[in-house]
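Chemist: Okay, so the sequence shown: first residue is 2 according to my numbering, each after it adds one.
Beta carbons: idealized from backbone N, C-alpha and C, even for Gly.
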Amino acid sequence: MDALELLINRRSASRLAEPAPTGEQLQNILRAGMRAPDHKSMQPWHFFVIEGEG
2 MDALELLINR RSASRLAEPA PTGEQLQNIL RAGMRAPDHK SMQPWHFFVI EGEG
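1) Do three or more CB pairs link the region 44 to 52 to the region 23 to 36 at distances below 8 Å?
2) For E47, which three-state DSSP category applies?
3) Excluding five sequence neighbours on each side, which residues of the same chain lie with their C-beta closer than 8 Å to the C-beta of P22?
4) Report the rounded CA-to-CA distance for I9 versus M35, giving the unit in angstroms.
5) Between the C-alpha atoms of L7 and Q26, what's the straight-line distance to the nearest angstrom?
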């Protein structure tokens, strides 16, 4: 599956369920987010990690 197909077919989950991502998976997600294009350098970004009952 190519990147365009993933973007076109993506779905948002209204309710998340167990299991939560592992620490390593979460680090990879955050790393990918930091590499996303930044329109007109509107930095700094803020990432909030909420654990447990959010």
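Modeler: So, from the listed chains and residues:
1) yes
2) Stepping through the sequence shown from its first residue, residue 47 is reached at position 46. For the sequence presented, residue 47 should be read as His rather than Glu. DSSP places H47 in coil when its eight states are reduced to three.
3) Walking along the sequence shown from the start, residue 22 turns up at place 21. Closer than 8 Å at the Cβ level, and outside the excluded window around P22, lie I30.
4) The residue you call residue 9 lines up with position 8 of the sequence shown. The residue you call residue 35 lines up with position 34 of the sequence shown. Roughly 22 Å separates the two Cα atoms.
5) As a working note, residue 7 is residue 6 in the sequence shown. As a working note, residue 26 is residue 25 in the sequence shown. Taking the straight line joining both Cα atoms gives about 19 Å.
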